[in-house]
Amino acid sequence: MTSDSSAQSATSGIDGSTREILRRLELDVTHRLDGLLHGDHRGLVPGHGTELGETREYAPGDDIRRIDWNVTARLSKAHIRQTIAERELLTWLVVDRSSRLDFGTTSQEKRDLALAAAAAVGFLTAKDGNQLGAYLVGRGDSTMVPARGSRKHLLRLLHMIAEGERGDNSGVTDLGDALNRTSSIAKRRGLVAIISDFWVAPGWERALGVLARRHDVIAVQLTDPREFELPDVGLVVLRDPATGAEREIATQRKSVRDGYAKAANARQDRLGETFRRNRVDHLVLSTDRDWLGDLVAFVSKRSHRITASPHGGSR
């Protein structure tokens, strides 16, 4: 079967417009990153594996839990046991599909960024033997998609993320519960990409910490410029698409606009600190920027850090 017929078979049953979107996303991701990753998923793969390798002398920044005490006692200097990266990568997506993502003041919405981010992770980790699973949360019922390794599975998963009615007022996303459920299912160490705008129910930070202790975690934050700055357009009514709640805002008042921007920046600082504290990589995508350019810069920086790390990993 040719590659074209394989692709057609994998997307059968998906409507034409969605099929074209997925095809374009795959071409964009793979072509833009070709050469940067040298045919591997080095920029996304966790640095440590589970297979024991050679020992080397301890260096500042190494995980003390990897110290080989037998070798250390024999040589009178601290040594760590290196591990060999696993050949097969298990990746999990935790995707927020709340109605709050049906928002964008530029040429795209945050829901478009969510699909793009999921497609990027899926296509970048789609190698022989690798598996991809997902937990889709929001828009009423949550859905757990078991991890599988086929291209057809990836395209079906992306189609599930792309579909969904607008304005269902299903409430605020319980991201903490989604992360806890992912932790309970993802037993083997792997890569977890959390895709959300993080306007979610409180209490998710603890679940993030638990997840990050076992897995290599990437937080993909979806944003829009109006979440950081209000224009001067007089009295407006803002509506929360997830709950239906409405509020009048006097945007003509400079004190209101300044207070809004200050609160938005403070929230962003708190998010950044939460991710740094849990050693989670943070990628911000915005509806007014080239998401693919931001992705390329992120993967390049992450790949460089993994390669340059004295213990060969991202942590």
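In our numbering, the protein residues as written are 491 to 805.
Just so it is clear, CB atoms sit at the ideal spot from N, CA and C, and this is done for glycine as well.
Only a predicted model underlies this, so the values are computations on that prediction, with no experimental measurement involved.
Distance between residue j and residue i (C-alpha atoms, nearest Å)
i: ILE511; j: SER745; result: 42 Å
i: LEU712; j: VAL585; result: 11 Å
i: ASP602; j: THR508; result: 12 Å
i: ILE554; j: GLU547; result: 12 Å
i: GLU719; j: GLU695; result: 26 Å
i: ARG747; j: PRO721; result: 8 Å
i: ASN670; j: ARG522; result: 34 Å
i: GLU736; j: GLY666; result: 26 Å
i: GLY724; j: GLY594; result: 20 Å
i: VAL786; j: SER566; result: 44 Å
i: LYS791; j: HIS643; result: 29 Å
i: SER793; j: LYS617; result: 17 Å
i: ASP518; j: LEU645; result: 15 Å
i: ASN620; j: ASP592; result: 31 Å
i: MET650; j: VAL726; result: 34 Å
i: SER686; j: ARG779; result: 17 Å
i: ARG478; j: ARG795; result: No information on residue 478 is available, as it lies outside the stretch 491 to 805 that the chain covers here.
i: LEU775; j: ASP784; result: 7 Å
i: VAL611; j: PRO731; result: 27 Å
i: GLY506; j: ARG556; result: 51 Å
i: MET597; j: ASP714; result: A small fix is needed here, since residue 597 is Ser in this sequence, not Met. For SER597 and ASP714, the distance between alpha carbons rounds to 11 Å.
i: LYS600; j: ALA740; result: 25 Å
i: ASP631; j: ALA549; result: 47 Å
Cβ-based neighbour list, residue i, same chain, cut-off 8 Å, excluding 5 preceding and 5 following
i: THR545; result: ASP558, VAL561, HIS569, ILE570, ARG571 and GLN572
i: GLU516; result: ALA609 and PHE613
i: GLU653; result: THR508
i: GLU578; result: GLY619, ASN620 and GLN621
Those residues which DSSP pairs with residue i across a bridge
i: LEU712; result: LEU775
i: HIS569; result: GLU547
i: ASP667; result: ASP667 pairs with nothing; no bridge assigned.
i: ILE807; result: This structure cannot settle anything about residue 807, because the visible part of the chain is limited to 491 through 805.
i: ARG729; result: GLU736
i: VAL707; result: VAL682
6 Å Cβ shell around residue i - same chain, five flanking residues per side excluded
i: TRP582; result: GLY623, THR672, ALA676 and VAL682
i: LEU626; result: VAL585, ARG587 and THR633
i: LEU773; result: VAL710 and PHE788
i: ILE684; result: VAL584 and ALA709
i: TYR750; result: LEU720
Terminal residues of the beta strand (DSSP E) in which residue i lies
i: ASP586; result: 580 to 586
i: GLN621; result: 621 to 627
i: ALA740; result: 736 to 740
i: THR633; result: 633 to 638
i: LEU681; result: 681 to 686
Delimiting residues of the alpha helix (DSSP H) encompassing residue i
i: GLU695; result: 694 to 704
i: ILE807; result: Any question about residue 807 goes unanswered here, given that the chain covers just 491 to 805.
i: SER507; result: 506 to 523
i: SER745; result: 744 to 767
i: LEU603; result: 600 to 614
Contact set for residue i: own chain, Cβ-Cβ below 7 Å, skip 5 residues either direction
i: THR520; result: PHE613
i: TRP689; result: ARG590
i: ARG716; result: THR595
i: GLY628; result: ASP586, ARG587, SER588, SER660 and THR663
i: VAL700; result: SER673
Chain D contact for residue i (CB, 8 Å cutoff)
i: LEU583; result: No chain D is present in this structure, which holds just one protein chain.
Cβ contact check for the stretch 756 to 771 and the stretch 698 to 708: 3 or more pairs under 8 Å: Three or more Cβ pairs closer than 8 Å define a contact, and the stretch 756 to 771 meets that threshold against the stretch 698 to 708.
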